[in-house]
Amino acid sequence: MVKYVFVTGGVLSSVGKGIVTSSIGKMLQARGFKVTAIKIDPYVNVDAGTMNPYMHGEVYVTDDGGETDLDLGWYERFLDLDLKRENNITTGIVYKAVIEKERRGDFLGRCVQIVPHVTNEIKSRIRNV
Numbered sequence: 453m454v455k456y457v458f459v460t461g462g463v464l465s466s467v468g469k470g471i472v473t474s475s476i477g478k479m480l481q482a483r484g485f486k487v488t489a490i491k492i493d494p495y496v497n498v499d500a501g502t503m504n505p506y507m508h509g510e511v512y513v514t515d516d517g518g519e520t521d522l523d524l525g526w527y528e529r530f531l532d533l534d535l536k537r538e539n540n541i542t543t544g545i546v547y548k549a550v551i552e553k554e555r556r557g558d559f560l561g562r563c564v565q566i567v568p569h570v571t572n573e574i575k576s577r578i579r580n581v
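First residue of the sequence shown? That's 453 in this note's numbering, and the numbers climb one at a time after it.
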């Protein structure tokens with residue numbers, strides 16, 4: 453059975469959430485658990501690649517070319533993992549996917565809403581990692 457641990461910090465930046473997440477993951481690995489990490493950011497940008505590094509910080513590029521938050525680098529190093537672009541979820545990625553589905557007709561003309569369509573997209577992305 454899959455278990456989830458969420459580390460949140462609201463709008464607080466640079467307080468060490470990435471290091472805390474990595475450390476918790478490392479402790480769980482030491483106890484024999486299989487661990488992965490996902491970074492979920494509320495910004496509407498699709499990725500960190502075009503964001504001003506003075507405002508957001510460095511961009512971390514995954515092996516598959518994903519331009520992500522620097523925390524993914526911490527997760528990879530601490531947990532000895534090769535993370536993919538799917539391990540980074542932004543509001544922009546989620547909304548883009550929902551809008552693309554709507555344009556394709558996946559919702560069969562229904563009114564697309566935050567609940568259930570956007571929330572289902574977020575849950576699906578978490579489960580797919």
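The C-beta atom is built at its ideal place from N, Cα and C for all residues, glycine as well.
Local conformation of residue i per DSSP, three classes
i    : result
D558 : coil
V546 : helix
I490 : coil
Y527 : helix
CA-to-CA distance, residue j to residue i, given in whole angstroms
i    : j    : result
G561 : Q481 : 45 Å
E554 : N572 : 14 Å
V570 : V546 : 7 Å
Buried or exposed (CB count within 10 angstroms, at least 16 for buried), residue i
i    : result
K575 : exposed
V550 : buried
Y506 : exposed
Short Cβ contact (9 Å threshold) for residue i with residue j
i    : j    : result
L531 : S474 : yes
D521 : D493 : yes
Check: residue i C-beta below 8 Å from any heavy atom of the ligand NAD
i    : result
T520 : As for the ligand NAD, it is missing from this structure, which has no ligand bound.
### Message
Report the start-end ranges of each alpha helix (DSSP H) in the segment 488-522 that is 4 residues or longer and not cut off at the edges.
### Response
For secondary structure counted as the alpha helix (DSSP H) over 4 or more consecutive residues, the segment 488-522 holds these complete runs in sequence order: 505-508.
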